[in-house]
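Before any comments, here is the structure.
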Amino acid sequence: MRGKTTPSAPQSGERAASETSYPSPFNRAMITLAVVSAAFISIMDASIVNVVMPHMRGTFNVDLSTITWVATIYTIAQIITITMSAWWSTLLGRKRYFLVSFVLFTLASILVGTSQTFTQMLTYRILQGLGGGGLIPVAQAILRETYPANRQGWAMAMFAAGVVLAPAMGPVVGGWITETLSWPWVFYINVPVAAVGLALVSIYVYDPPHMKRGINKVDWMGIILIGVGLTALQVVLERGQDEDWFDSNLIIVMTIVTIITLTALVIWELRTEEPIVDFRVLKNLNLSASCIVVLIFGVIMFGTTFILPQFLQNLLNHGPYETGLVMLPRGIALFCMMPIVGHLYNLVDYRILMCGGVALAVTSMFLMSGLSLQTDYWDMVSRLVILGFGMPFVFVTLTTVAFSTTAVADINSATSLYNLARRLGGNLGFAVMAILLERRTALHRVNMVGNITESNPTFLHYKETLTEMLVRKQIDPHTAQTKAMGLIEQTIDKQATMLAYNDIYWVMGWSFIFVIPFILVLRAKQV
Numbered sequence: 000m001r002g003k004t005t006p007s008a009p010q011s012g013e014r015a016a017s018e019t020s021y022p023s024p025f026n027r028a029m030i031t032l033a034v035v036s037a038a039f040i041s042i043m044d045a046s047i048v049n050v051v052m053p054h055m056r057g058t059f060n061v062d063l064s065t066i067t068w069v070a071t072i073y074t075i076a077q078i079i080t081i082t083m084s085a086w087w088s089t090l091l092g093r094k095r096y097f098l099v100s101f102v103l104f105t106l107a108s109i110l111v112g113t114s115q116t117f118t119q120m121l122t123y124r125i126l127q128g129l130g131g132g133g134l135i136p137v138a139q140a141i142l143r144e145t146y147p148a149n150r151q152g153w154a155m156a157m158f159a160a161g162v163v164l165a166p167a168m169g170p171v172v173g174g175w176i177t178e179t180l181s182w183p184w185v186f187y188i189n190v191p192v193a194a195v196g197l198a199l200v201s202i203y204v205y206d207p208p209h210m211k212r213g214i215n216k217v218d219w220m221g222i223i224l225i226g227v228g229l230t231a232l233q234v235v236l237e238r239g240q241d242e243d244w245f246d247s248n249l250i251i252v253m254t255i256v257t258i259i260t261l262t263a264l265v266i267w268e269l270r271t272e273e274p275i276v277d278f279r280v281l282k283n284l285n286l287s288a289s290c291i292v293v294l295i296f297g298v299i300m301f302g303t304t305f306i307l308p309q310f311l312q313n314l315l316n317h318g319p320y321e322t323g324l325v326m327l328p329r330g331i332a333l334f335c336m337m338p339i340v341g342h343l344y345n346l347v348d349y350r351i352l353m354c355g356g357v358a359l360a361v362t363s364m365f366l367m368s369g370l371s372l373q374t375d376y377w378d379m380v381s382r383l384v385i386l387g388f389g390m391p392f393v394f395v396t397l398t399t400v401a402f403s404t405t406a407v408a409d410i411n412s413a414t415s416l417y418n419l420a421r422r423l424g425g426n427l428g429f430a431v432m433a434i435l436l437e438r439r440t441a442l443h444r445v446n447m448v449g450n451i452t453e454s455n456p457t458f459l460h461y462k463e464t465l466t467e468m469l470v471r472k473q474i475d476p477h478t479a480q481t482k483a484m485g486l487i488e489q490t491i492d493k494q495a496t497m498l499a500y501n502d503i504y505w506v507m508g509w510s511f512i513f514v515i516p517f518i519l520v521l522r523a524k525q526v
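Under numbering that gives the first Met the number 0, residue 526 is the last one in the sequence shown; the count climbs by one each step, no gaps.
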């Protein structure tokens, strides 16, 4: 496809602001509401399905391994589109591409809810991911150019609020809707939000005059390498646990494909005149260091989002809605702190803000490593709220610093790579947490089982106590003894899993500390 490579003039009826002028405060508010809400529902739809999958299984009559493709296929489509969003923005124009993505996401949301077969469900989820993936980096790029330099902290606070709150709100919203309505409404709720967002974007968003419109040559090789490489990577990360990792030929093949294609992608794109992914922008130290930090934080934050609901539901026997209520206060703390940090950005050194956030996050993780099966609601919430207060200091500041030294012409490419790093970090977090949980549970179980011997007085006393309790319930002694051993096995399984969760939070606490050197090398323009 060929087109002009010079900046395009505003279309009829549009007003493009000059590079030094910005929308009025009211218009900025409308733009912020529109693009942040779009990014929010796109991200939330990646996590909201986790609590409705059991209901989907009943509808489509598929097993657990099969139903998880509803989440996997959306993530694959979303990540591929995030990577290509800068290219599409250049080809179509940023506003037009955002509107096309928004419409595609909305229509696909309706179709997902009306799916009659599992094949239809997967097809529509792919379309939804292709639409949703374009909303996230473009929303950030639009916000970046909507606010002046002295308001960038506030702008990125609003974006970070949407990005961080969405995964936390997913279980709450999904659990409530599933219990009060039915699972299709999890997707239908996107429609009114999208209707308002589309109207606001159509009225208030304009492409800046400096944006290049059109391309001279389609990078077909880049498109193929991205599609194959990222799909293979996502299959490894999302399906590795179910396939028993490298004991599976599928995972081995997908890993080899990932390494070959993504290596070839980087080499090819660096040599291409009009790359579909411009890796050259990573020469900017701020951006490259920020991508590393956000990847690590993605592992930890999204990993927490992955394991916490499992802990609450599997060990503490909470339902989906109760689980959401436990996680909600953390989201409220995040939301409250976002604008405060956005205001502090121009008043306090960004490294102090980020290190303060890391300190709160580390404190929260180490406190979480002391959880037990007797942990009550308020004890759990207090530890999570500390994390909620700390994360905005990192995410808001990092999101602002990352692009503070990026050339205006590179904003689209920079936001695409930054959001790709964040999303890949999240998926890597799911894989890492699943591995740690499985391995540490097995280790603790072996250690505990080793203590179940006839020479252990504690074990013998506990067994006798359980047996006597069961006998008093009119169970014959032999059966009571067998049931007592079964109860002991269940207790061991729960305690081993509990200790594994404690280990994971301890590891995450130290992982937060690992990002401090990268924070210290950042250099930002503060106004």
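All C-beta atoms, glycine included, are put in the ideal place defined by N, C-alpha and C.
Excluding the 5 residues flanking it on each side, PHE117 has same chain C-beta neighbours closer than 7 Å at PHE59, VAL61, in chain order.
Boundaries of the alpha helix (DSSP H) around ALA28: 24-46. With fewer than 16 other Cβ atoms from the protein chains shown falling within 10 Å of its own Cβ, CYS335 counts as exposed. Secondary structure of ASP348 (DSSP, three-state): coil.
Pairing LEU366 with LEU164 gives a Cβ-Cβ distance that is not under 9 Å.
A residue is called buried once 16 or more other Cβ atoms fall within 10 Å of its Cβ, and LYS282, having fewer, is exposed. By the beta-carbon neighbour count (other beta carbons within 10 angstroms, threshold 16), ALA408 is exposed. In the pairwise beta carbon analysis, the segment 485-502 is classified as touching the segment 366-381: at least three pairs are separated by under 8 Å.
Taking one beta carbon from each stretch, the segment 178-186 and the segment 344-351 have fewer than 3 pairs nearer than 8 Å; the two do not touch. Taking 8 Å as the upper bound for CB-CB distance, LEU264 and GLY226 are not in contact here, some 10 Å apart. The segment 247-261 makes no contact with the segment 373-388; the number of CB pairs closer than 8 Å stays below 3. Less than 9 Å separates the beta-carbon of ALA85 from that of SER415. If you look at HIS54, you'll find it in the alpha helix (DSSP H) that goes 52-59.
Under a 10 Å Cβ-count criterion, VAL48 is classified as buried, with 16 or more other Cβ atoms of the shown protein chains found around its own Cβ. By the Cβ neighbour-count rule, GLU237 is buried, with 16 or more other Cβ atoms within 10 Å of its own. GLY330 is positioned such that its CB atom lies no closer than 9 Å to that of VAL190.
The count of Cβ pairs closer than 8 Å, one atom from the segment 354-364 and one from the segment 479-498, stays below three, leaving the stretches out of contact. Annotated three-state conformation of GLU437 is helix, per DSSP. Of all alpha-carbon atoms in PRO53, THR496, MET43, TRP87, the one lying nearest the alpha-carbon of ILE275 is that of TRP87. Excluding five sequence positions before and after PHE429, the CB atoms of its chain that fall closer than 6 Å to its own CB belong to PHE305, given in chain order. Contact check for ARG150 against ALA76 fails: the beta carbons are separated by 9 Å or more.
Per DSSP, GLN312 lies in no alpha helix (DSSP H) and is assigned neither H nor E.
Separation of the CB atoms of GLY130 and LEU91 is rounded to 13 Å, and the pair is thereby denied contact status at 8 Å. If you keep only unbroken alpha helix (DSSP H) runs of at least 4 residues inside the segment 62-128, you get 63-66, 68-91, 93-112.
In this structure the segment 290-299 lies against the segment 416-423, because at least three pairs of beta carbons, one per stretch, are closer than 8 Å.
In the three-state reduction of the DSSP assignment, SER201 falls in the helix class. For LYS472, the three-state secondary structure derived from DSSP is coil.
Going by beta carbons, LEU121 and ALA38 fall outside the 9 Å limit.
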